[in-house]
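The numbering of the sequence shown is our numbering, which starts it at 73 and goes up by one.
Glycine residues also receive a C-beta, built at the ideal position from the N, C-alpha and C atoms.
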Amino acid sequence: MGRIIDKAFKNGYNEGMEDQDFLAITIGENIARLRRLSNMTQSELAEKINYSDKSVSKWEQGNGIPDVRILLQLAELFNVSVDDLVREHKEAPVMPKKTRLRRRIIISLLSVGLCWLVAVVAFVFIGIIWPDVPNTWLAFVYAVPASAIVVLVFSCIWRYRWVRIAAITVLIWLTLTCIYLTAHVCGAEIGLIYFIGVPLQILALIFFVPWKSLHPNVPRE
Numbered sequence: 073m074g075r076i077i078d079k080a081f082k083n084g085y086n087e088g089m090e091d092q093d094f095l096a097i098t099i100g101e102n103i104a105r106l107r108r109l110s111n112m113t114q115s116e117l118a119e120k121i122n123y124s125d126k127s128v129s130k131w132e133q134g135n136g137i138p139d140v141r142i143l144l145q146l147a148e149l150f151n152v153s154v155d156d157l158v159r160e161h162k163e164a165p166v167m168p169k170k171t172r173l174r175r176r177i178i179i180s181l182l183s184v185g186l187c188w189l190v191a192v193v194a195f196v197f198i199g200i201i202w203p204d205v206p207n208t209w210l211a212f213v214y215a216v217p218a219s220a221i222v223v224l225v226f227s228c229i230w231r232y233r234w235v236r237i238a239a240i241t242v243l244i245w246l247t248l249t250c251i252y253l254t255a256h257v258c259g260a261e262i263g264l265i266y267f268i269g270v271p272l273q274i275l276a277l278i279f280f281v282p283w284k285s286l287h288p289n290v291p292r293e
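1. Report all residues from its chain with a CB closer than 7 Å to the CB of N207; omit the five preceding and five following residues, and keep chain order.
2. Identify which residue in Y252, I177, V216, L109 has its Cα closest to the Cα of V190.
3. If you count every other CB in all the chains shown that lies within 10 Å of the CB of S180, and 16 or more means buried, which is it?
4. Give me the Cα-Cα distance between V192 and L210, rounded to the nearest whole angstrom.
5. Give the range of the alpha helix (DSSP H) segment to which R236 is assigned.
6. Where V242 and I97 are concerned, what is the direct C-alpha to C-alpha distance, given to the nearest angstrom?
7. Specify the secondary structure class of V213 as computed by DSSP and reduced to three states.
8. I240 and L224 look like a contact to me (Cβ under 8 Å); what is the Cβ gap, rounded to whole Å?
9. Spatial neighbours of E163 within its chain, please: CB distance less than 7 Å, with the 5 preceding and 5 following residues excluded, ordered by chain position.
10. For a test of the three-state rule: what should DSSP assign to Y266, helix, strand or coil?
11. Could you name the residues of the same chain whose beta carbon sits closer than 7 Å to that of S124, not counting the 5 residues immediately before and after it, in chain order?
12. Considering only C-alpha positions, which residue in the set R141, I142, S227, S219 is nearest to L173?
13. Count the other C-beta atoms from every protein chain shown that fall within 10 angstroms of the C-beta of E261, then say buried if there are 16 or more, exposed otherwise.
14. Report buried or exposed for F267, applying the criterion of at least 16 other Cβ atoms within 10 angstroms of its Cβ.
15. On the three-state DSSP scale, how would you describe L186?
16. Please go through the segment 103-186 and give each complete alpha helix (DSSP H) segment of 4 or more residues, from N-terminal end onward.
17. Can you tell which of F195, I201, V222 has the C-alpha that lies nearest to the C-alpha of F212?
18. Inspect the beta-carbon positions of N102 and L144 and report whether they are closer than 9 Å.
19. Could you give the DSSP three-state label for P271: helix, strand or coil?
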């Protein structure tokens with residue numbers, strides 16, 4: 073009976089050690105990855121948290137686990153949560169919020185730039201193939217609501233509410249402006265078309281403004 077108890081104790085101890093080793097390796101990998109994403113060396117990271125670079129190296133190699141105070145300090149430094157530091161990321165590794173925001177801004181700017189590239193190409197080709205066609209500058213006007221559509225799509229994917237509101241506002245009024253200018257070039261005056269934008273803007277505000285966040289006393293669902 074004593075041997076059975078000793079064996080069970082040893083098995084439990086070994087499993088506990090294995091879990092601790094796995095946790096140390098996971099934390100070490102997350103620290104190393106976040107440090108590289110933040111363009112820091114081990115010495116620079118050690119200096120920011122008032123520890124030695126040997127300690128940082130030990131953590132990244134999975135040979136030790138930082139205490140809770142250091143984990144909190146690292147989470148604040150990397151702009152992530154403590155859970156992000158201690159959890160294994162098999163599918164989509166977490167990255168600092170600043171890095172994620174910077175990448176999203178770059179993606180948005182490149183996509184908007186593509187809209188303007190199309191406008192430039194259209195402007196040039198129309199000028200070459202049909203040089204007598206007037207008002208080819210409208211291609212650049214149309215690029216503005218097209219850019220707003222791109223920003224609107226990304227803001228919906230990334231759940232940026234206020235960017236979404238700004239994009240839908242630009243889209244509404246610039247689309248009406250494109251219609252007005254096109255009609256004006258064709259000899260028609262349709263200034264009253266801007267009245268359509270008023271109910272559209274109101275509907276956009278109703279659907280997209282986070283009213284509950286503006287009134288914190290209102291209970292949330």
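With the structure as the only source:
1. V257, listed in sequence order.
2. V216
3. buried
4. Roughly 11 Å separates the two Cα atoms.
5. The continuous alpha helix (DSSP H) containing R236 extends over residues 233-257.
6. Taking the straight line joining both Cα atoms gives about 49 Å.
7. helix
8. 6 Å
9. Per-residue confidence for E163 stands at a pLDDT of 49, beneath the threshold of 50, marking its modelled position as unreliable; the derived number appears in the next sentence. So no residue of the chain qualifies.
10. helix
11. A118
12. Of the listed residues, the one whose Cα sits closest to L173 is S227.
13. exposed
14. exposed
15. helix
16. Listed in chain order, the complete alpha helix (DSSP H) runs (minimum 4 residues) inside the segment 103-186 are 114-120, 125-132, 140-150, 154-158.
17. For F212, the nearest C-alpha among the options comes from F195.
18. no
19. Look at P271 here: in three-state DSSP terms it is helix.
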